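Trainee:
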Amino acid sequence: MLFTSYEFIAFLGGLFILYYILPKKCQWVLLLIGSAVFYAWAGLRFLAYIGITTVTTWFAAVRIGAIQATGNAFYDAHKKEMDKDARKAYKAGIKKKTRVWFLACLLLNLGILAVIKYTDFVIDNINAIFSAEISFLSFALPMGISFYTFKSMGYLIDVYRNKAEAQGNLAKFALFVSFFPQIIQGPISRYNKLSETLYAQHAFDPLQIRRGLLRIAWGFFKKLVIADRLLVAVKTLAGSPEEYQGAYVVLIILFYAIELYADFTGGIDITIGVGEIFGIQMEENFITPYFSKNINEYWTRWHITMGTWFKDYIFYPLSVSQPMLKLSKWSRDHMGKAVGKRVTVYIANIVVWFATGLWHGAAWNFIVWGMLNCVVTVASYEMEPLYKKFHAALPATNRGWYNVFQMFRTFWLMGAIRILDVYRNVPTSFKQVGSIFTTGGWGSIFSADIAKLGLTGPDYTVLFIGCVLMIAVSVVRYRQKDDIRANIEACGTVAVTAVILALVFAVLIFGAYGVGYDASQFIYNQF
Amino acid sequence: MEELLEILENLHPEVDFSDCDTLIDDKILDSFDIITLVTEINTEFGVAIPAEELIPENFNSAEALYELIERLQDED
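Respectively, the protein sequence lines represent chains U and V.
Taking our numbering, the leading residue of the first sequence gets 17, the next gets one more, and so forth.
Taking our numbering, the leading residue of the second sequence gets 29, the next gets one more, and so forth.
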């Protein structure tokens, strides 16, 4: 059931009415039923996968929680009788018992994800390297498997680390895993954060509901008016790389940056807005990413919950693990302080970016995309002292105009790396980017030829106005802590309602439907 | 504490670490800095900071970080 389908609108409307009619204590149960229906809509057989992850994670976390509770109670009662070594040994004993459940559950669920998502990729590479003819297994990818697996494993790690309390109620945990607004493209919520409002009883709050509807309408506008319209041109350009080179590659970098942003943030706007109309708060996944001044800042603003997941659950544990600390010490002793300081950070960074690339898809273009991000991140880190000297020597570079230049530079750099996602082929991507410097065609993209990309003059006008609106909304968000809704709400209820209606009409009139358009999946659904 | 301040100042000479309690919130320290700190602290203080302690509350100020080191030394 796509967010941009009539079924979803009907489903959401029905759920919304029941949510506020039925007794409040039924609200979370209703959301669970709704989530099950939403998931089953994609195919009943997929329920088994998410069911296994839910039950195994719930059970392992409950066991870990029970071991910790019993162990900690005994420790508190007897710690005065123990000396320092005995206390340490007792705590290590508790950790060892919980580790068995933790590792078993982690390996099982990551194993399922690996087998389902990556088996054919491995077979493909084996076939290519050894000229073998192993048949593909062609597993159907369960909806949102990367998202719900990461969400569940985040919860398991938090319980294992004593940072979250194990949820004893299987049905409540099932709602956390399968919560329908975020099952297909995130945000990858943390249990502690989402559970604050997910299971609570919510009164009908018109202000909150209008706020949610405003965000949903804005999400639909971005998705249907901007992203799906641009998709036509992006498909045309990506479909004929031989024909569209040079300046056209610059054009596709720009178009894809806008399309992906409108598509992904539009989907997240709908997700967060749907949560808000039910009184449920979720983390922001994007905070004006295209206003980032460098790649490190970009990754703290784009797909935030994925970035923090990799940071908290892979980058940090790997960097501070005993073998890495030993390696750092060894490197420091044998190769100097500078190497010792860097070795753990660099190895962990390579692992994280490899995993991030692989998470996006079982293909080399995603892995290369990840490794390019890794290279730029490390280069940026190494050049930081140089940048500081540069800014100190030229104080003018700390002013506004230079910030705009840095944003511009980061936008195009990230766009150029993202081209691997457009062509889905590593050599083609490099060849196309190279053609920017060897092939012209600048006159062509500023001529009537641009109409051959499948979009008409009015389409470009709609896109221009849509982009101006997106930039204006982003500027407001960049300058203040809250989003633009706070400003609209300050103008009164009528203003909020008027903006919602204006967006709905804009979607109905200018939305990209019908012949020539493919108002299909959100791009991030596939990950 | 002086040893810790020296490590921090080597990382970011431009920051007054004795008077800042928003090192993470204001993005003064990033994830690379944190790992560099953990390895330096491991060398200088002989304390291994586990991953579950890598949270903003422990790294927002030099004081909070020093308290963490003392707590972990005590547990050892």
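Note that CB positions come from ideal geometry on N, CA and C, so glycine has one too.
Small disclaimer: the values here were computed from a predicted structure and weren't measured.
1) Do we get a CB-CB distance below 8 Å when we pair U/P305 with the residues of chain V?
2) In chain U, which residues lie with their C-beta within 7 Å of the C-beta of V/N70?
3) Measuring only the C-alpha atoms, how far is U/A26 from U/P158?
4) Suppose the cutoff is 7 Å on Cβ atoms and the five residues either side in sequence are ignored; what does the same chain contact list for U/L334 look like?
5) At 9 Å on the CB atoms, spell out the chain V contacts of U/P333, in chain order.
6) Would you list, in chain order, the members of the segment 306 to 320 of chain U that have their beta-carbon closer than 9 Å to a beta-carbon of chain V?
7) Counting pairs of Cβ atoms below 8 Å between the segment 125 to 135 of chain U and the segment 36 to 56 of chain U, do you hit three or more?
8) Taking buried to mean at least 16 other C-beta atoms within 10 Å of its own C-beta, is U/V531 buried or exposed?
9) Listed from N- to C-terminal order along the chain, which residues in the segment 355 to 384 of chain U have their beta-carbon within a distance smaller than 9 Å of any beta-carbon of chain V?
10) Within the continuous alpha helix (DSSP H) that includes U/Y332, where are the two ends?
11) For U/H350, count neighbouring C-beta atoms within 10 Å of its own C-beta (all shown protein chains included) and say buried if the count is 16 or more, exposed if not.
12) Whole angstroms is fine: what's the gap from U/A409's alpha carbon to U/E299's?
13) In or out: V/S89 buried (at least 16 other Cβ within 10 Å) or exposed?
14) Once the 5 residues before and after U/G228 are set aside, which same chain residues still bring their CB inside 6 Å of it?
15) Does U/V531 have its Cβ less than 8 Å from a Cβ in chain V?
16) What's the call for U/I33, buried or exposed, on a 16-neighbour Cβ count within 10 Å?
17) Could you list which residues in chain U have their beta carbon closer than 9 Å to that of V/D54, in chain order?
18) To the nearest angstrom, report how far apart V/A92 and U/T287 are at their CA atoms.
19) Along the segment 392 to 404 of chain U, where does the CB come closer than 8 Å to a CB of chain V? Name the residues.
20) Using a Cβ-Cβ cutoff of less than 7 Å, which residues in the same chain neighbour U/F166 once the five nearest sequence positions on both sides are dropped?
21) Is V/T71 near U/R348, with beta carbons less than 8 Å apart?
22) Can you look up U/T455 in the DSSP assignment and give me helix, strand or coil?
23) Within the continuous alpha helix (DSSP H) that includes U/M351, where are the two ends?
24) Determine whether the Cβ of U/S344 lies closer than 8 Å to any Cβ atom of chain V.
25) Give a yes or no on whether 8 Å exceeds the smallest Cβ distance from V/I35 to chain U.
26) For U/M423 versus U/S308, is the C-beta spacing smaller than 8 Å?
27) Given U/E313, which residues of its chain have a CB within under 8 Å of its CB, disregarding the five upstream and five downstream residues?
28) So which residues of chain U does V/D58 contact, with C-beta pairs closer than 7 Å?
29) Leaving out the 5 sequence neighbours to the left and right, which residues in its chain are closer than 6 Å to U/A511 when beta-carbon positions are compared?
30) When you compare the segment 444 to 460 of chain U with the segment 387 to 403 of chain U, are there three or more beta-carbon pairs, one atom per stretch, that lie closer than 8 Å?
31) For chain U, find out if any of its Cβ atoms is closer than 8 Å to the Cβ of V/V43; answer yes or no.
32) I need the boundaries of the alpha helix (DSSP H) containing U/C121, first residue and last residue.
33) According to DSSP, is V/H40 helix, strand or coil?
34) For a contact meaning CB atoms closer than 9 Å, what does U/K179 contact in chain V?
Mentor: In terms of the structure at hand:
1) Numbered from its first residue, the first sequence carries residue 305 of chain U at position 289. No, U/P305 does not count as interfacial toward chain V.
2) Along the second sequence, read from residue 1 onward, the residue named residue 70 of chain V stands at position 42. By Cβ distance, chain U contributes L341.
3) Working through the first sequence from its first residue, we reach residue 26 of chain U at position 10. Working through the first sequence from its first residue, we reach residue 158 of chain U at position 142. Spanning the two alpha carbons is a distance of roughly 24 Å.
4) As a working mapping, residue 334 of chain U is identified with position 318 in the first sequence. M340, A364, V367, listed in sequence order.
5) The residue given as residue 333 of chain U occupies position 317 in the first sequence. Chain V residues near U/P333: P78, A79, E80, L82.
6) N312, E313, T316
7) no
8) Counted from its first residue, the first sequence places residue 531 of chain U at position 515. Below a pLDDT of 50, predicted positions are generally treated as unreliable, and U/V531, at 48, falls in that range; the measurement from the model is reported next regardless. So U/V531 ends up on the exposed side.
9) G356, K357, R358, V359, T360, V361, A364, N365
10) Translated into positions along the first sequence, residue 332 of chain U becomes position 316. Start and end: 332 to 335.
11) On the first sequence, position 334 is the one that residue 350 of chain U refers to. That one is exposed.
12) In the first sequence, the residue the question calls residue 409 of chain U occupies position 393. In the first sequence, the residue the question calls residue 299 of chain U occupies position 283. Approximately 40 Å between the Cα atoms of the pair.
13) Residue 89 of chain V sits at position 61 when you count from the first residue of the second sequence. Looking at its Cβ environment, which holds 16 or more other Cβ atoms inside 10 Å, V/S89 is buried.
14) Residue mapping note: residue 228 of chain U aligns to position 212 of the first sequence, counting from 1. Closer than 6 Å at the Cβ level, and outside the excluded window around U/G228, lie G289, E292, I293.
15) Position 515 of the first sequence, counted from the start, is the residue given in the question as residue 531 of chain U. Model confidence at U/V531 stands at a pLDDT of 48, short of 50, so the residue's coordinates are unreliable and nothing is read from them.
16) Looking up residue 33 of chain U in the first sequence gives position 17. Counting Cβ neighbours within 10 Å, U/I33 comes out exposed, since fewer than 16 surround it.
17) As a position in the second sequence, residue 54 of chain V is number 26, starting the count at 1. Going along chain U, no residue has its Cβ under 9 Å from V/D54, so there is no contact; the nearest lies around 12 Å.
18) Here residue 92 of chain V refers to the residue found at position 64 of the second sequence. Here residue 287 of chain U refers to the residue found at position 271 of the first sequence. Distance between the alpha carbons of V/A92 and U/T287: 37 Å.
19) Y397, K404
20) What you label residue 166 of chain U is simply residue 150 of the first sequence in a count that begins at 1. Hits under 7 Å: I204, W325.
21) Against the second sequence, residue 71 of chain V aligns to sequence position 43. Against the first sequence, residue 348 of chain U aligns to sequence position 332. Cβ distance < 8 Å, so V/T71 and U/R348 count as in contact.
22) Here residue 455 of chain U corresponds to residue number 439 of the first sequence, with the count starting at 1. Residue state, collapsed to three classes: coil.
23) Mapped onto the first sequence, residue 351 of chain U falls at position 335. Residues 338 to 351.
24) Here residue 344 of chain U is taken as the residue at index 328 of the first sequence, counted from 1. Yes, contact with chain V.
25) As a position in the second sequence, residue 35 of chain V is number 7, starting the count at 1. No, its Cβ sits nowhere closer than 8 Å to a Cβ of chain U.
26) By one-based count along the first sequence, residue 423 of chain U stands at place 407. By one-based count along the first sequence, residue 308 of chain U stands at place 292. Cβ distance < 8 Å, so U/M423 and U/S308 count as in contact.
27) Here residue 313 of chain U refers to the residue found at position 297 of the first sequence. T426, listed in sequence order.
28) Your numbering for residue 58 of chain V matches position 30 in the second sequence. In chain order: N312.
29) Counted from its first residue, the first sequence places residue 511 of chain U at position 495. Within the same chain, U/A511 has close Cβ partners I504.
30) no
31) One-based indexing of the second sequence puts residue 43 of chain V at position 15. Output row for V/V43: interface = no.
32) For the purposes of this step, residue 121 of chain U is taken as residue 105 along the first sequence, with counting starting at 1. Counting along the chain, the alpha helix (DSSP H) containing U/C121 begins and ends at 100 to 146.
33) In the second sequence, residue 40 of chain V corresponds to position 12, counting from 1. In the structure shown, V/H40 sits in coil (DSSP, three-state: anything other than H, G, I, E or B).
34) Here residue 179 of chain U corresponds to residue number 163 of the first sequence, with the count starting at 1. Neighbours of U/K179 on chain V, chain order: E80, I83.
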